[in-house]
Amino acid sequence: MMKGYSKKILEEISTKFPEVSVKIHARRRTYIRVPKDRVYDFAKYLFEEKRFRLATATGIDTRDGMEILYHFSQDAAGTYYTIKTVIPKDDLKIKSLAPFLPAANWIEREMHELLGIDFVGHPNLKPLLTAETWPSCLHPLRRDYADEHKDIKVSKKP
Amino acid sequence: MANAKLWGLKKSPWVFHVAAASCNNCDIEILDILTPRWDVERFGIVLVGSPRHADALLVTGVLNRKSLPRVLRVYEQTPKPCLVIGVGSCTCHPHIFEPSYNVIGPYDKYIPVDVYIPGCPPKPEAIIMGVVKALKRL
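Structure follows, in structure tokens:
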């Protein structure tokens, strides 16, 4: 099989989901900008119909809002299709992919605790990486986080 | 009894490996010294599966808020006298991780460390030398 993105898949995407915009970044990587409320359906389409694999997801605090990238891999072609979505900072909510996509479970928990994004419908949104005594209102990977941890006492008990 | 324990410790130190959030390179080097090439078992150094059987703890990684209670728990479970050997540069100082929200500073603020082995990761020879130096101090 040819390595790289397939025009057929991209055409199918733009006919099925006219609201998304596709940007070919490199031969083996495309970014697909999806509106926030369509991410769930679009990811479901990639996972269940196209059989793509969720490699990972990343969250970044940008000036325009919280940006989430879900990196889907088409292993046979060695190609990544990345869903890119921006959530406004005054309403940090998005529908969780974890109910149908177990690979998204932990990475969404991580984004929930480090960036403070609320994943609606997630089965288990407990903290994953931070200590048990860490206050849940503090999100250390946000831009406005400013060394608040210096005032938090170190606990010797979990 | 303390003397018998000390004799056992010097003759054949059983080590328990405490990976306190390291990047795994030090852990791989620790496994390296058990392979036939360095084969520390000929000196009686054995990696054991429980801190209750151990004479020495090999700690790796930068200490952080999540790993501190676990490290303390393991240290409490180890029969005393015991050696604590810090493997890798991360145990000496947090270095680039110091401004992180999760890092809480050096090990010897919380547990007594007998010897530090710098290196990122330290060579297997350096780890063996560190353990020998720690034993010589007893």
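Chains A and B are the protein sequences, given in the same order. Converting from the first sequence to this note's numbering requires adding 738 to each position, the first position being numbered 1. Converting from the second sequence to this note's numbering requires adding 46 to each position, the first position being numbered 1. Quick reminder that beta carbons are idealized off the backbone N, C-alpha and C, glycines included.
>> Just list the residues that DSSP pairs glutamine 812(A) with in beta bridges.
In response: The partner list for glutamine 812(A) (beta bridge, DSSP) reads Thr817(A).
> In chain A, what lies closer than 8 Å to isoleucine 150(B) by C-beta?
Replying inline: Simply Val892.
> Do valine 858(A) and lysine 894(A) have their C-beta atoms within less than 8 Å of each other?
Replying inline: Against a cut-off of 8 Å, the Cβ pair of lysine 894(A) and valine 858(A) comes out as no contact.
> Going along the chain, which residues of its own chain have a beta-carbon closer than 8 Å to the beta-carbon of isoleucine 150(B), five neighbours each way excluded?
Replying inline: By the criterion of a C-beta distance shorter than 8 Å, isoleucine 150(B) is surrounded in its chain by Leu109, Asn110, Arg111 and Leu114, once the five residues flanking it on both sides are discounted.
> Just how far apart, CA to CA, sit proline 861(A) and asparagine 843(A)?
Replying inline: So the alpha carbons of these two residues sit roughly 8 Å apart.
> Can you tell which of Ala793(A), Val772(A) and Ile798(A) has its C-alpha closest to the C-alpha of serine 811(A)?
Replying inline: Looking from the CA of serine 811(A), the closest CA among Ala793(A), Val772(A) and Ile798(A) belongs to Ala793(A).
>> Please identify the residue among Leu839(A), Ile825(A), Pro840(A) and Ala836(A) whose C-alpha is closest to the C-alpha of glycine 854(A).
In response: Cα-wise, what sits closest to glycine 854(A) is Ile825(A).
> What residue range is occupied by the uninterrupted beta strand (DSSP E) comprising lysine 761(A)?
Replying inline: DSSP places lysine 761(A) inside the beta strand (DSSP E), whose first and last residues are 759–764.
> Applying the criterion that 16 or more other CB atoms from any shown protein chain within 10 Å of the CB defines a buried residue, is cysteine 166(B) buried or exposed?
Replying inline: Of the residues assessed, cysteine 166(B) falls on the exposed side of the cut-off, its CB having fewer than 16 other CB atoms within 10 angstroms.
> Is any beta-carbon of chain A found at less than 8 Å from that of arginine 217(B)?
Replying inline: Given a span of 47 to 184 for chain B in the structure shown, any question on residue 217(B) remains unanswerable.
> In or out: glycine 107(B) buried (at least 16 other Cβ within 10 Å) or exposed?
Replying inline: Residue burial is scored here from C-beta neighbours: glycine 107(B) has at least 16 other C-beta atoms within 10 angstroms and is therefore classed as buried.
> Span of the beta strand (DSSP E) holding alanine 841(A)?
Replying inline: Unbroken run through alanine 841(A): none, as it is neither H nor E.
> Is the segment 133–141 of chain B touching the segment 875–892 of chain A in the sense that three or more CB pairs, one from each, lie closer than 8 Å?
Replying inline: Judged by Cβ distances under 8 Å, the segment 875–892 of chain A makes no contact with the segment 133–141 of chain B, as fewer than three pairs qualify.
> Smallest Cα separation from arginine 789(A): which of Phe780(A), Gly797(A) and Ala795(A)?
Replying inline: When each option's Cα is compared against that of arginine 789(A), the closest is Phe780(A).
>> According to DSSP, simplified to helix, strand and coil, what is isoleucine 254(B)?
In response: Beyond the ends of chain B as shown, which are 47 and 184, falls residue 254(B); an answer cannot be given.
> Is the segment 90–98 of chain B touching the segment 56–70 of chain B in the sense that three or more CB pairs, one from each, lie closer than 8 Å?
Replying inline: Because the criterion of three Cβ pairs below 8 Å is met, the segment 56–70 of chain B and the segment 90–98 of chain B touch.
> Does tyrosine 147(B) get closer than 8 Å to chain A when you measure Cβ to Cβ?
Replying inline: Yes, tyrosine 147(B) counts as interfacial toward chain A.
>> When you compare the CB of proline 115(B) with every CB in chain A, is at least one pair closer than 8 Å?
In response: Interface residue, yes.
> Between leucine 118(B) and chain A, is there a C-beta pair that is closer than 8 Å?
Replying inline: Nearest CB-CB separation between leucine 118(B) and chain A: below the 8 Å threshold.
> Taking 8 Å as the CB-CB limit, is tryptophan 844(A) close to chain B?
Replying inline: By this cut-off, tryptophan 844(A) is not an interface position.
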